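A short worksheet on the structure shown next.
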């Protein structure tokens, strides 16, 4: 909300620089998001920093309040006139101007001067004709033969607004706070200069969403006296009598409804001072009746609604209207002022009459009974509404108004009568007429004020600040709480407008917060927790996960983290056409309000994240080796909340080695065995001792011949291998083959032991031998190794495949597998005979179980 | 024989003098002084001589052998010294050629920052508690003092799912309720935890705002937890995160689940508080929202708010990472461009 300093000063005397005030408000929770300067300079406050403003500062010598005494025709130009501007001391300056809003005054005698903004030669102003902000210095320059060295200014030229349709013009003298008019020649800074704060209100600050509300906070924070506006109205018209009746059907939704009647008034433009203020807060002036409802909304935070009384009477068949507030009938509709015809919902609350709905209570008026230029009798409504219900209606009806915003944050019923009286009186003052004597005030269940008992020790318990009951009472009284002290307990009565203060325990916490705000958060000491330390539990699941990250990074992979939202169509690309999906079959966790069409559900697989990132990165690099650890989301039939298992995804594609001048094969691409090496490294890094088996993978997103399923102790843990070529092309990854893995991280880490023993270092010498076996092509390497390891028993310490050979002299359909073998005992040195015998056992076992032949 | 001895001696000595390489020296040694070397053979041949010649010949042969061995040692050392000198002088490589690249992996910047959080908070006795991303509305809002349609819900635009009452958590605070109920022993046990996790907000994705972000929430519940402890604890964190001279500012604020609530700023560590683009010329960077746990939340966690109290705070690791590395666009985080990731 925009809060002009000049308006605040109606209610509280502020002599702090605007910047210091903004800081104080911000520290107290009324965040000043921006400060706009109108003509006045930015102050420099020691110890405070804020962005330097580049606004125009009005030269106090050269930019002045001017009084146009006469508008003369230009002798040589139809589109120019000569404004004769008095600038004090009887000096009249002649300004040549093309301002269209002066043409009407040509040749007329001006009994009352037109007040304007005058800039003398040498003054700096914005160039009104430039589209880009551009400053200029006024210089003497004849216009169509008439000398000209000064000017009358538009709002744009002075940086007030973008308006350049005419010069600033007031028909009424501009008054000082004491009611005396400013004289011609007064520096314009003193007349129109201002500072406007943009304040953002958190939801607990409903009481402050108005100029007076902010002033009240300032008075509280700075301990200054507060000057409330006048709530007196001259109600000397004929009695209200039975001119209107009001009926509240549900006082929980509409706790109070007040109304007053202004008769024989005239709808016309608001006074210039009111228009000026409305423009400062961003409200467009319309006419005095509508403007007053807005003005009161901004000034004290109580929204008002004005009806054309005669239209109501006509709807009542010429009789006295009855206003009814109620929820809608089934199927009821309402066309609101924004020309939207609304289907009403059961929770909406309406202001209606006997003929039907009039307005959406507290939010927006109806089109039918609105004020127009011919309105003579105005029925003014000031009501209060249940804030939860108003917010709900604004959400479901998708409508946002200044009134609805305030009611949805909470406006106490006590404010209705204040707003009503101040509003109807301002309407009378600006439009004339008589206010009917008496008001309608339907207020079925006024609540007694909230009382809270606060023991002073609560302040220390919650804040860590030792404070006497008297000091605490002093701070609360500044905020208009009524406090009685009884020993060490404060009996506090809460001001009615403080809807944010609760009762009992909550009320005590609320009051402690209020005391902390008044005391100043900065004054609260910094201490360390003296309380007992809770049981330390650790988080083994996280520690293991972090270990997996470290192992994968050490293996050379780069971690990525992706959006967890995708679409079913995106994930469907993981299934080659014509094949069954290997993705989880659970229905998706589907967003009801997706932010964009490519993020509609929560992912069920990490492969989608890996491949889409790979597609992106393929534009920049020919080498990708990445991993991701994160949740996938699997709905469950018996629980509205999904399962969120952790997954590990791996992706490798492109060059195996970074480009180098050092003779590695820098053109070689990674293959299945690079990925498998990473998986083996991970299993080693996690110290997994389970029985590790690699089976062919049935995962349809993978190449059937170049993919595997990792089994640990017989349990499937993940699939990995070359991406199915059709899937690769669906992701436009048609260059080097892509290798991916998706592993159930919870299952994998379940095999990682918390403790693992090391192998003691042998002191006996190892005996190294090689063995080469010729087997059929179909024999898996793992089977050969298994036979060797089994036959080698305790003596065979290590068995490492170092060569696979096909071709002469190995017969076709066969291959030779060569292993390094390490024989060793822990106790003693092996004899040659022992080694020969176990080696022979290996050869025999391989012949017997695999049909292998020892290669000569 | 004697003359042959002298001839060989002269020849060997002359050859040795002309030797310049290690290989030639080795060959010379084998030829004269090796097991079957000429000189060694001669020394051995002493037994074949007539008795009266043996003593003289043997003496001379041994002397020649020793002399040659000594000369060989000298020569060997001199050749080594020459080779060393030659290598030191002439064996230079182009030291500006690039090194042999190593395959280097690494962690996502958010992980780095999260780990820093875990570390610092663990030192202060805060342990990591994680809870789910997809939450129910009650735990995310209502139990945190935000009943349905409450205006405080305006502060957190929410992703809803097609399952009624199921949403994506808008903050990690629902974990407070889950942790209090899990670890609180029906409101009898103190708690000190941090809750890291991904949170989601229904917002436009721009350079400055994301729909998905990590949050690290902190929660301490005890019988003597005060707002001064909150200030002191966060200040301690800031010192370790941003340096011992980190200056703090505390602003009153509002969160439905804390009271009193406050925002914590740290003096801009990029400009030292003099004002820069990053801190929007205010000199301050917002690092945490925090406050004393609201009585309603304590009660919903199973605690008696008249006896127990607590504080809570929430921080954004991506935002801190962004500031520390001058990252211009928050979309870099989940964009996973390797050119970005490889800079960490």
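Protein chains in written order, with my numbering: chain A, 187 to 1042; chain B, 470 to 813.
Glycine is no exception: its CB is placed at the ideal position from the N, C-alpha and C atoms.
These figures come from a predicted structure and were not determined experimentally.
Of the residues assessed, residue 596(B) falls on the buried side of the cut-off, its CB having 16 or more other CB atoms within 10 angstroms. Per DSSP, the beta bridge partners of residue 665(B) are 685(B). One finds 574 in chain B with Cβ atoms closer than 7 Å to the Cβ of residue 741(A), taken in chain order. Neighbours of residue 906(A) in chain B, taken as residues whose beta carbon is under 8 Å from its own, are absent, since the nearest beta carbon is some 17 Å off. The residue from 600(B), 591(B), 587(B), 627(B) with its alpha-carbon nearest to that of residue 606(B) is 627(B).
Bounds of any beta strand (DSSP E) do not take in residue 883(A), whose DSSP letter is neither H nor E.
Distance check between residue 732(B) and each of 754(B), 476(B), 712(B), 742(B) places 754(B) closest, using alpha-carbon atoms only.
Looking at the DSSP output, residue 367(A) shares a beta bridge with 361(A). Counting other Cβ atoms within 10 Å of its Cβ, residue 848(A) stays below 16 and is therefore classed as exposed.
Out of 889(A), 304(A), 763(A), 835(A), the CA that lies nearest to the CA of residue 791(A) is found in 835(A). The Cβ atoms of residue 815(A) and residue 931(A) lie closer than 9 Å to each other. Residue 474(A) sits in a helix when the DSSP states are folded into three classes.
By the C-beta criterion, the stretch 585-592 of chain B is judged to be in contact with the stretch 704-718 of chain B, since at least 3 inter-stretch pairs fall below 8 Å. Pairing residue 460(A) with residue 616(A) gives a Cβ-Cβ distance under 9 Å. Of all residues in the stretch 231-243 of chain A, those with a C-beta nearer than 9 Å to a C-beta of chain B are 234, 235, 236, 237, 238, reading in chain order. Residue 251(A) sits in a strand when the DSSP states are folded into three classes. Rounded to the nearest whole angstrom, the CA to CA distance from residue 924(A) to residue 979(A) is 39 Å. It is roughly 28 Å from the alpha-carbon of residue 646(A) to the alpha-carbon of residue 664(B). By a beta-carbon distance limit of 8 Å, residue 413(A) contacts residue 197(A). Their separation comes to about 5 Å.
Rounded to the nearest whole angstrom, the CA to CA distance from residue 947(A) to residue 821(A) is 50 Å. Rounded to the nearest angstrom, the Cβ distance from residue 799(B) to residue 678(B) is 7 Å, consistent with a contact under 8 Å.
In this chain, the alpha helix (DSSP H) harbouring residue 645(A) covers 642-649. Under a criterion of Cβ atoms nearer than 7 Å, the residues of chain B adjacent to residue 779(A) are, in order, 628, 629, 671.
Residue pairing by DSSP puts residue 301(A) in a beta bridge opposite 253(A), 356(A). Below the 8 Å Cβ cutoff, chain B contributes 804, 805, 806 as neighbours of residue 802(A), in chain order. Counting along the chain, the unbroken beta strand (DSSP E) around residue 190(A) starts and ends at 188-190.
Residue 727(B) and residue 763(B) do touch by the CB rule: their CB atoms are close to 6 Å apart, below 8 Å.
Neighbours of residue 749(B) across chain A, judged by C-beta separation under 8 Å: 237. Inclusion of residue 700(B) and residue 742(B) in the CB contact set at 9 Å is not warranted, their separation being larger than that value. Within chain B, the residues whose beta carbon sits less than 8 Å from that of residue 746(A) are 577, 805, 810, listed in sequence order.
Residue 285(A) is a Cβ neighbour of residue 269(A), given a cutoff of 9 Å. For residue 698(A), the uninterrupted alpha helix (DSSP H) segment begins and ends at 690-705. Distances from the CA of residue 759(A) to each of 798(A), 785(A), 244(A) were compared; the closest alpha carbon is that of 798(A). Cβ proximity to chain B below 8 Å picks out 646, 647, 648, 649, 650, 651 from the stretch 622-654 of chain A. Residue 892(A) and residue 632(B) have their alpha carbons spaced roughly 40 Å apart.
Note that the C-beta distance between residue 430(A) and residue 509(A) is below 9 Å.
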